[in-house]
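Data block below; observations after.
Number of protein chains: 2
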Amino acid sequence: MDMSVPADSVTFAPRYTLAVDAMGGDNAPDIVLGGLELAADRHPGARILLIGDEALLRRQLPHYPKLAALCDIRHAASSISMDMKPTTALRLRDSSLRLAMDAVAQGEAQGVVSAGNSGAMLTLAKIVIKTMPGITRPAMAAVNPSARGDVVMLDLGANLACDARNLVEFAVMGEAFAKAVLGLPSPRIGLLNVGAEELKGDERLRQAADSLRDSVLGPQFHGFVEGHDITAGTTDVVVTDGFTGNVALKTGEGALKLAFLLLKRVFQTNLLTRLGYLLVRPGLERMREWIDPRRYNGAMFVGLNGVVVKSHGGADAEGFASAVDVAMDMVTHHFNDAIRLRLEQMGLAPTQNELVTTDSVG
Amino acid sequence: MDMSVPADSVTFAPRYTLAVDAMGGDNAPDIVLGGLELAADRHPGARILLIGDEALLRRQLPHYPKLAALCDIRHAASSISMDMKPTTALRLRDSSLRLAMDAVAQGEAQGVVSAGNSGAMLTLAKIVIKTMPGITRPAMAAVNPSARGDVVMLDLGANLACDARNLVEFAVMGEAFAKAVLGLPSPRIGLLNVGAEELKGDERLRQAADSLRDSVLGPQFHGFVEGHDITAGTTDVVVTDGFTGNVALKTGEGALKLAFLLLKRVFQTNLLTRLGYLLVRPGLERMREWIDPRRYNGAMFVGLNGVVVKSHGGADAEGFASAVDVAMDMVTHHFNDAIRLRLEQMGLAPTQNELVTTDSVG
Chain A
1 MDMSVPADSV TFAPRYTLAV DAMGGDNAPD IVLGGLELAA DRHPGARILL
51 IGDEALLRRQ LPHYPKLAAL CDIRHAASSI SMDMKPTTAL RLRDSSLRLA
101 MDAVAQGEAQ GVVSAGNSGA MLTLAKIVIK TMPGITRPAM AAVNPSARGD
151 VVMLDLGANL ACDARNLVEF AVMGEAFAKA VLGLPSPRIG LLNVGAEELK
201 GDERLRQAAD SLRDSVLGPQ FHGFVEGHDI TAGTTDVVVT DGFTGNVALK
251 TGEGALKLAF LLLKRVFQTN LLTRLGYLLV RPGLERMREW IDPRRYNGAM
301 FVGLNGVVVK SHGGADAEGF ASAVDVAMDM VTHHFNDAIR LRLEQMGLAP
351 TQNELVTTDS VG
Chain B
1001 MDMSVPADSV TFAPRYTLAV DAMGGDNAPD IVLGGLELAA DRHPGARILL
1051 IGDEALLRRQ LPHYPKLAAL CDIRHAASSI SMDMKPTTAL RLRDSSLRLA
1101 MDAVAQGEAQ GVVSAGNSGA MLTLAKIVIK TMPGITRPAM AAVNPSARGD
1151 VVMLDLGANL ACDARNLVEF AVMGEAFAKA VLGLPSPRIG LLNVGAEELK
1201 GDERLRQAAD SLRDSVLGPQ FHGFVEGHDI TAGTTDVVVT DGFTGNVALK
1251 TGEGALKLAF LLLKRVFQTN LLTRLGYLLV RPGLERMREW IDPRRYNGAM
1301 FVGLNGVVVK SHGGADAEGF ASAVDVAMDM VTHHFNDAIR LRLEQMGLAP
1351 TQNELVTTDS VG
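This is the structure:
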C-alpha cells in the first residue's frame, strides 16, 4: 500500500496505476502512445490511466494493442503548451497534466508521467500532489553516466539556493532512488564541493556533511566530492543545490557533446580515418547511446506524495518508455516508503501536528 | 610602463622581467628550468629572475644555455611544499615563492610564475603584491576548450560566494584576459546561470547582468549562458562565482576524461577496432592535446598589482613554458592597464582617497 494515498480514498487495487499525460511534449500524443506500447510489454501488470483528448485517443488506440489492453482513457478538455507559464498552467483546471496530477492526489494512481512543460509540472505537483511530510522542498533528480556505472544527481534546478537541511533531504531521496531504480543495496553518497577535505566549502555544506555523518546514512556517506567525481563514479549519489547541479549537469553534457564533435572531425580527416570510423562504428554507437542523457530519459521530481517523472520533451517512443520504466520502478519498489523510513530513522519525520499543518497548508 | 609599479621605484627597464619560483611544483627545479629554456626561444627580449637554491641552480644552469643568457639568479633559503598551509607559508619570509612575489611588489618584475602550492600562492599574492585598486576580490581564471575556440572562465575557486559587484569585476578581468592572451579584439561575455532568460537565477545575477548591460561592456555582453554554453563557445568569457566555476571546470574535465575512457574501450574491442585505432591515432592525439586542460597550463590569479600565473604542479617542461607564455602575454599586452581603463570607464575606479586606504590596508 502506498502510504501517500489518503486513508479515506484507499480502494482495493490489484495492480499499480500510472496516470499518463497523453498531450505533453513536442510529438504528443504519438510518441506517448508509442512509448506506452513498448513499455506495456515490460509492465504487463500495470494499469495506465491515459489522459487527454478522448476522441483523438480513441481513434489512435487501435494501433497500440498492448497499451489498449491495460489502459483507461480519461478526457481532458485542454493541455499545457511547452512555453506556458506555471501560473497560467495552474489556472487551467481541465488540462491533461492537471487531471493526471489529480488522479495521483486522489489515490487513483501512484505516479504520473508527462513529456510536457517541466516548470508547470513542478508547480502543479507541489500544489496538487503536495510535498511529502518531513520534506522541506521537493527536488529534481536525474541519472548520469560515469566510469563506474550510473550516478543519481540532485537537485538539478528546483531549488537554486539550499540550506543544510535541504541537502540532507536530497541525500535521503537520492539514496532511495539509487536503491529503487538503480537496484543498489547500499548506495554511496557524496556532497558536491570544491575540494574533498573536510574544511572545504561553506558552513552550510559542512553542516550537511556533519548531519549525514552522524545519521543512519553515515556508513554510506563518502564525504565531499568534486566535479570530476560525478563522471568518475566516486559515489552513486551526488547531492548539491539546484544552481550548482543544473550548471554541472549541463556542463558535463556539453563536454561530452564537444568530445563527439571533435571525434567526428578526426574521423572525417581523410580516407584512412573514414575507414577507421567504419571499423569502430558499432562500438561508437553503443558508447553514444550509453552516455546519452536520455537513456534514463528525463528527470524525476522527488519529495512529493506520489511519483512524478518528466520525460524529455523531444524524446522518441523508446525514450518515453524509459521514463515509464523509471516511474514503474519507483512505484513498485516503494520509493516514497523508503524516504519515509529514512526520515524517521534520522529524526526528520514530522510529528502528528506537523502532518496536519502540512496537509492544510499544502 | 606598467602602472602597477609604484612611481618612486620606476627605473629604466629595457625589457620585461618575470620572477620565476624555481622550487615550486612536483619536479622542481628540473621542469622549471626545462620550461624556461623552451620559453626563452619565444621571448628572447625577456629577463628572468630565477629564484631558488642558488648553489643548485648554478650547477644546473649550464645545461640550459638559452635560459642562462637571459636570467639572473636570486637565492632563496627555503621553499613552500605542495601541502603547506597558506598561514604557514606566509611566515616563511625567505621562500622562493615569497621572494618572487616581493620582486613584483618592489617593481623589479612585472609578473611571477610558479608551479607550486596554489593556496599559498593566492594568499601570498594578496598580501605581498596586493589587490588592484578598484577590484574588490582577485579571482582565479583559466582557459577551456570549446567548439568555437578558447573560452576564459572565472572565478574558479578564489571566492566561493560572490556578489553582483564581484561578478562585474570578473567580467572586466575576463575581457582583458581574452584580449591580451587570446588576442580577441572584442570578446563576448556571458554570465553563467541556470537558464538564458532574463528572469532566471537570483537577484545577484540579475543585478550583475543589469550593470554589465548598462556599461561600456554592454555591446559585448551576451547575457546569461548555461553550462553547455561553456564548451559550445557561445561566449569568449564565462563569468561565475568561485564555487560554481570550480565545480563546472572539474565536471567538464571529468566528462572529457570519461569520453576518452569509453573511447579506449571501444578501440580495444577486437582486432578490427584496434586497426581502426591505428588509422585515426594521429588525429586522436591532436584532439587529446587540444582539449588537454594543461594546454594553457594552469590558472591565472587576476586583479592583483602584477601578473600572477600558476603552472600545473605536475606539468612537464612544455607545460611550464606555456605558463610562462601566458604570463608574458599578460605583461606585454598590458593586461592590468586594460582592467584599469575599464574600471574607469565603468565608474568603478577608486577615488584618490580610496587608493590610499587600499594601499595601507592591503
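Listed in order, the protein sequences are those of chains A and B.
With the numbering used here applied, the first sequence covers 1 to 362.
With the numbering used here applied, the second sequence covers 1001 to 1362.
Heads up, the beta-carbon is just placed ideally off N, CA and C, and yes, glycines get one too.
Next item on the list: Please report the Cβ distance between B/Met1121 and B/Phe1335, rounded to the nearest whole angstrom; I am assuming they are in contact, meaning their Cβ atoms lie under 8 angstroms.
Entry: So it is not a contact: roughly 18 angstroms between Cβ atoms.
Next item on the list: Measure from the C-beta of A/Asp236 to each C-beta in chain B and report whether the shortest distance is under 8 angstroms.
Entry: no
Notebook entry, point to check: For chain A, is any of its Cβ atoms less than 8 angstroms away from the one on B/Leu1018?
Noted result: no
Next item on the list: Please compile the residues from chain A whose C-beta is within a distance smaller than 8 angstroms of the C-beta of B/Thr1273.
Entry: Leu279, Val280 and Gly283
Next item on the list: Please list the segments of the alpha helix (DSSP H) lying wholly inside the stretch 254-296 of chain A, counting only runs of 4 or more residues, in order along the chain.
Entry: 271-291
Item checked: Straight-line Cα distance separating B/Glu1198 from B/Asp1316 -> 44 angstroms
Notebook entry, point to check: Name the chain A residues whose beta carbon is nearer than 8 angstroms to that of B/Ile1291?
Noted result: Leu258, Ala259 and Leu262
Check: Which residues in the same chain as B/Ser1118 place their Cβ atom closer than 6 angstroms to its Cβ, once the five residues preceding and following it in sequence are excluded?
Finding: Lys1310
Check: Since A/Asn305 meets chain B, which of its residues come closer than 9 angstroms, beta carbon to beta carbon?
Finding: In chain order: nothing, as chain B lies at least about 26 angstroms away.
Check: What is the C-beta distance between A/Leu67 and A/Ala40, in whole angstroms, given that I count them as a contact (C-beta under 8 angstroms)?
Finding: 5 angstroms
Next item on the list: Please compile the residues from chain B whose C-beta is within a distance smaller than 8 angstroms of the C-beta of A/Ser146.
Entry: Leu1258
Item checked: Between the CA atoms of B/Ala1077 and A/Leu261 - distance to the nearest angstrom -> 50 angstroms
Item checked: Amino acids of chain E, ordered along the chain, whose beta-carbon sits closer than 9 angstroms to that of B/Gly1107 -> Given the protein chain composition of this structure (A and B), no chain E is represented.
Check: Considering B/Asp1241, what are the terminal residues of the beta strand (DSSP E) in which it resides?
Finding: Here B/Asp1241 belongs to no beta strand (DSSP E), and DSSP marks it neither H nor E.
Notebook entry, point to check: Taking Cβ-Cβ distances shorter than 9 angstroms, what residues in chain A pair up with B/Gly1202?
Noted result: A small fix is needed here, since residue 1202 of chain B is Asp in this sequence, not Gly. Going along chain A in sequence order, the residues near B/Asp1202 (Cβ under 9 angstroms) are Leu160, Ala161 and Phe243.
Checklist line | Candidates A/Gly183, A/Leu97, A/Asp202 and A/Leu256: closest to A/Asp292 by CA position | finding: Out of A/Gly183, A/Leu97, A/Asp202 and A/Leu256, the CA that lies nearest to the CA of A/Asp292 is found in A/Leu256.
Check: Which parts of the stretch 181-224 of chain A are runs of the alpha helix (DSSP H), unbroken and 4 residues or longer, counting only runs that do not cross its ends?
Finding: 203-213
Check: If you run the structure through DSSP and keep just helix, strand and coil, what is B/Lys1085?
Finding: coil
Notebook entry, point to check: Enumerated in chain order, which unbroken segments of the alpha helix (DSSP H) with a length of 4 residues or greater are wholly contained in the stretch 24-62 of chain A?
Noted result: 30-42 and 54-60
Check: Nearest-angstrom Cα distance between B/Met1082 and B/Asp1329?
Finding: 27 angstroms
Margin query: Against chain B, does A/Leu191 count as a neighbour if the rule is that its beta carbon must be under 8 angstroms from one of theirs?
Written below: no
Margin query: On the criterion of 16 or more Cβ atoms from any shown chain inside 10 Å, does B/Glu1344 qualify as buried, or is it exposed?
Written below: exposed
Next item on the list: Could you spell out where the beta strand (DSSP E) holding A/Leu160 opens and where it closes?
Entry: Neither: A/Leu160 is in no beta strand (DSSP E) and is coded neither H nor E.
Checklist line | Selection of the stretch 209-228 of chain A by Cβ proximity to chain B, strictly under 9 angstroms | finding: Along the stretch 209-228 of chain A, going in chain order, the ones with a CB nearer than 9 angstroms to a CB of chain B are Glu226, Gly227 and His228.
Check: What is the DSSP secondary structure of B/Asn1336, reduced to helix, strand or coil?
Finding: helix
Check: Looking only at its own chain, which residues have a Cβ that is under 6 angstroms from the Cβ of A/Val20, when we skip the five neighbours before and after it?
Finding: Ile48, Leu50 and Val113
Notebook entry, point to check: With a cut-off of 8 angstroms, does the C-beta of A/Thr123 fall near any C-beta of chain B?
Noted result: no
Notebook entry, point to check: Less than 8 angstroms separating the beta-carbons of B/Val1238 and B/Gly1190?
Noted result: yes
Item checked: Min CB distance A/Thr231 to chain B below 8 angstroms -> So yes, A/Thr231 belongs to the interface.
Item checked: Within-8 angstroms CB hit, B/Ala1100 to chain A -> no
Check: From B/Lys1130 to B/Ala1105, what does the alpha carbon distance come to, in whole angstroms?
Finding: 8 angstroms
Checklist line | Opposing strand residues paired with A/Pro145 [DSSP bridges] | finding: For A/Pro145, which the question treats as bridged, DSSP gives the partners A/Asp150.
Margin query: Quick test of your reading: A/Leu154 and A/Phe170, contact by CB under 8 angstroms. State the CB separation rounded to the nearest angstrom.
Written below: 5 angstroms
Notebook entry, point to check: Is the CB-CB distance between A/Leu124 and A/Arg98 below 8 angstroms?
Noted result: yes
Next item on the list: Flag B/Gly1157 as yes if its beta-carbon sits less than 8 angstroms from any beta-carbon of chain A, otherwise no.
Entry: yes
Next item on the list: Return the bridge partner residues of B/Phe1301 from the DSSP annotation.
Entry: B/Met1140 and B/Val1308
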